[in-house]
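> The structure is given below, and queries will be raised subsequently.
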Amino acid sequence: FLVLPNHMVHSLRAKLSKKRWYDWPSDQFNTGFRVFREKVFRPFTFYVIQLRYPILSASILLLVLSSTLMISGKIKWRFFDAPEAGGFTGNIAMLPGANRSDTKSMLDEMVRAVEKISNDYEKEYGVNPLTFSISQIGGNSGRGISGAENKDPDQLGAISVELIDADSRPYSSYAFLGRIQDEIIRHPLLETLSFRSWRSGPGSDSLSVDFLGFDLDKLKAASIYFQNQLIALPEISGLEDTQAYDKNELILELTQRGMALGFDIDNVGRQLYQQLNGIEAVSFPLRNRSSKVVVEIPEFEIQSDFMDRVNLIGPEGTYVRLSDVVSVSSKFGFSSISRENGQRKITVTGDISEDNPDRAKEITDLIKLEILPDVRSRFGVDTNLSGLFKQEKDFLNDALIGFMLCLIGIYLALAWVFASWARPIVVMSIIPFGLIGTLWGHYLWGINLSLFSVVGLIGMTGIIINDSIVLVSTIDEYCRNRGLKPAILDAICDRLRPVLLTTLTTVLGLTPLLFETSKDAQFLKPTIVTLVYGLGFGMLIVLFLVPAIVVVQRDCLSLFRALKRIVFSRRAPIPFRLAYPVIGIVLGLNIFLLC
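When you read off a place in the sequence shown, starting at 1, and then add 10, the result is the number in my numbering.
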């Protein structure tokens, strides 16, 4: 142990008690903050309380003006802006009757187009955009073409292309793909050519339209017409439908001789079915199941000349050759048919380029407002938007229901905490004003509202409500020992530092992401902008608008109490006594209709 004399101990204590150099900035900051809070912020807050009605009116006016940014179209809604794709896949399907050499010829044309466009981009930008390019014959790659499983493998082919990193090229994969589609010369026997980007996000096509009806030929014609209307747009790729011509059908029609002999098409079809699939002779139980005996024609007798050799039984019991009573023709048909609610359905799918969100929105509106009404009137079919359109509709409906349930839950929780039915209204009244910073942030950065904006809005609203709850709780606590206005001033000044720290730590922490230039991070921009601008403006809402609403609420309660004393006074006339419940009913109906 070290024992020091008393004079050295006193000297050491004096030195340790002195201010250290690294404490000076902290003390200066605290002193400056206290001076700002007492000399600037407190007087300004006093005038805010005094001018509470102009402040509240100006806030409502600013909210209305901010809403016009979206109503006027300056800020557009885009459900999901996909991040930049790193490559794409092109699949082809040839018409029935095409051979392997035809498929190989079409694949060679696709390879030629890819190489030519990549060389053109290399000359223009100095860097070849291709990392690799692989072609295959005998099947599709990635997401196959609809009906490919029923086709001959020699009629299928694919090409897969991977591009260099998105930050290493000043153009998008959609622009590169659009040039390739324009360059490709289609083979005469080509049935479907579909390019799909390697995109991530919701698992549906950005373009998906269902055609519903009872006549399959009209549905197919409507599908082809719809695709022809869109094929000239370079922003759209991967157009295909779910009803491919993948089967050769034989069409039987009764001749004049067949009609004279008494045949009808149902009788002919039933006899052909029995000869091709067999006739059930007898059915009997066997142990715990039933068995049946089926009489069938041997498979080796069902050859290509079967239609010429088969005989039918006429109405009079005589045998007549099939070729004498029907005429046989063939055409390409469908091996499977999709139905929905009793109607036949064909779905057309594709991709819409996200390079220019405004252009993507224009194409979507063009499809909804012009092309689809034209298809419905021209072919008499019903149309239904599916894919991302349906996901967007379901998301908005679910979000609205969830939002209303959350508001009800928040209100009940706050009513229980504050032991008041009116005080939670003050806390929850700031929720709409949080949109002001969000909308102006999207407008200044030139980005669309999207799914990620809603996610950021939920987080931002939670932080603002939390600050408001603490502030209102502090005001109620101070009101026990002093008047309302002095309590508000003291509560706001005491909560100034926590509110500033909550806002600044979040905003400054997200600032690097706000200025991130990487293309892979751009789809997160709506969330970052919502949090940064929403919290920045939300701080002003909590510090100035909440106190104004608290005092306005006190004024309204005082007014209703005075009205109540007048109405229920013994000296008041009967009409005045009836005015109070009538006013309550009218206000209740107005609030109900407004909701």
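From the three backbone atoms N, C-alpha and C, an ideal C-beta is built for every residue, glycine too. As the structure is a prediction and not an experimental result, all values here were calculated from the model.
(1) Going by other Cβ atoms of all chains shown within 10 Å of its Cβ, with 16 needed for buried, is glycine 157 buried or exposed?
(2) Does the distance from the CB of serine 460 to the CB of aspartate 91 come in under 8 Å?
(3) Please look up how many angstroms separate the CB atoms of aspartate 477 and valine 552, rounded, as I've assumed it's under 8 Å.
(4) Keeping to the same chain, check which residues put their C-beta closer than 8 Å to that of serine 300; ignore five residues upstream and five downstream.
(5) Bridge partners for asparagine 321 per DSSP, in chain order?
(6) Using the rule of at least 16 other Cβ atoms within 10 Å of the residue's Cβ for burial, across every protein chain shown, is threonine 55 buried or exposed?
(7) Using a 10 Å radius around the Cβ and a threshold of 16 neighbouring Cβ atoms, would you call tyrosine 57 buried or exposed?
(8) Check the C-beta distance from serine 233 over to valine 358 and give it rounded, since I have them as a contact under 8 Å.
(9) Can you tell me whether lysine 403 is buried or exposed? The criterion is at least 16 other CB atoms within 10 Å of its CB, across all chains shown.
(10) Using the Cα positions of asparagine 394 and serine 143, report the straight-line distance between them to the nearest angstrom.
(11) Could you please give me the residues that DSSP links to alanine 263 through a beta bridge?
(12) Would you kindly check if the distance between the Cβ of leucine 249 and the Cβ of isoleucine 241 is under 8 Å?
(13) Suppose the cutoff is 6 Å on Cβ atoms and the five residues either side in sequence are ignored; what does the same chain contact list for tryptophan 87 look like?
(14) Is the distance from the Cβ of leucine 200 to the Cβ of methionine 120 below 8 Å?
(15) Would you give the residue range spanned by the alpha helix (DSSP H) that glycine 152 belongs to?
(16) Along the chain, where does the alpha helix (DSSP H) containing aspartate 118 start, and where does it finish?
(17) Looking at the secondary structure, which residues open and close the beta strand (DSSP E) in which phenylalanine 554 lies?
(18) Report the three-state DSSP secondary structure of threonine 78 (helix, strand or coil).
(19) Distance, Cα to Cα, glycine 100 vs leucine 187?
(20) In chain order, what residues of the same chain lie with their CB nearer than 6 Å to the CB of proline 623, ignoring the 5 residues before and after it?
(21) Can you have a look at tryptophan 450 and say buried or exposed, based on whether 16 or more other CB atoms are within 10 angstroms of its CB?
(22) Return the CA-CA distance between glycine 419 and glycine 444, expressed in angstroms with no decimal places.
(23) Are the beta-carbon atoms belonging to threonine 113 and isoleucine 147 less than 8 Å from one another?
(24) Beta-carbon within less than 6 Å of glutamate 326's beta-carbon, same chain only, minus the 5 sequence neighbours each way: which residues are those?
(25) Use the C-beta contact count for asparagine 407: other C-beta atoms within 10 angstroms, 16 or more gives buried, fewer gives exposed.
(26) Mapping the DSSP letters down to three states, classify glycine 451 as helix, strand or coil.
(27) Have a look at the DSSP bridge pairing and note the partners of serine 218.
(28) Is the beta carbon of phenylalanine 462 less than 8 Å from the beta carbon of phenylalanine 533?
(29) What residue range does the alpha helix (DSSP H) around arginine 196 cover?
(30) If you draw a straight line from the alpha carbon of glutamine 237 to that of glutamine 253, how long is it in whole angstroms?
(31) Return helix, strand or coil for lysine 161, following the three-state DSSP convention.
(32) Please name the residue in Ala108, Gly167, Ser182 and Gly152 whose C-alpha comes closest to that of proline 7.
(33) Do valine 436 and valine 482 have their C-beta atoms closer together than 8 Å?
(34) Isoleucine 377 by DSSP, collapsed to three states: which one?
(35) Kindly indicate the opening and closing residues of the beta strand (DSSP E) around phenylalanine 98.
(36) Taking all protein chains shown into account, do 16 or more other C-beta atoms lie within 10 angstroms of the C-beta of phenylalanine 98, making it buried, or fewer, making it exposed?
According to the data block:
(1) Flag for glycine 157 reads buried.
(2) Yes.
(3) Contact between aspartate 477 and valine 552 is confirmed by a C-beta separation of about 5 Å, below the 8 Å threshold.
(4) Ser293 and Phe294
(5) Arg331.
(6) With 16 or more Cβ atoms within 10 Å of its Cβ, threonine 55 is classed as buried.
(7) exposed
(8) Between serine 233 and valine 358, the beta carbon gap of about 5 Å places them in contact (Cβ cut-off 8 Å).
(9) exposed
(10) Straight-line measurement puts the Cα of serine 143 at about 37 Å from the Cα of asparagine 394.
(11) Here the sequence assigns glutamate to residue 263, which means alanine is not the residue at that position. According to DSSP, glutamate 263 bridges with Ser337.
(12) yes
(13) Leu459
(14) no
(15) Looking at the DSSP string, glycine 152 is not in any alpha helix (DSSP H), and its letter there is neither H nor E.
(16) 110-135
(17) From DSSP, phenylalanine 554 is part of no beta strand (DSSP E); its letter is neither H nor E.
(18) helix
(19) 10 Å
(20) Since the first residue of the chain shown is 11 and the last is 605, residue 623 is not available in this structure.
(21) buried
(22) 19 Å
(23) yes
(24) none
(25) Exposure of asparagine 407 is indicated by the presence of fewer than 16 other C-beta atoms within 10 angstroms of its C-beta.
(26) helix
(27) Thr359
(28) Contact: yes.
(29) No alpha helix (DSSP H) holds arginine 196; DSSP gives it neither H nor E.
(30) 13 Å
(31) coil
(32) In this structure the chain extends from 11 to 605, so residue 7 is not present and cannot be described.
(33) yes
(34) helix
(35) 97-104
(36) buried
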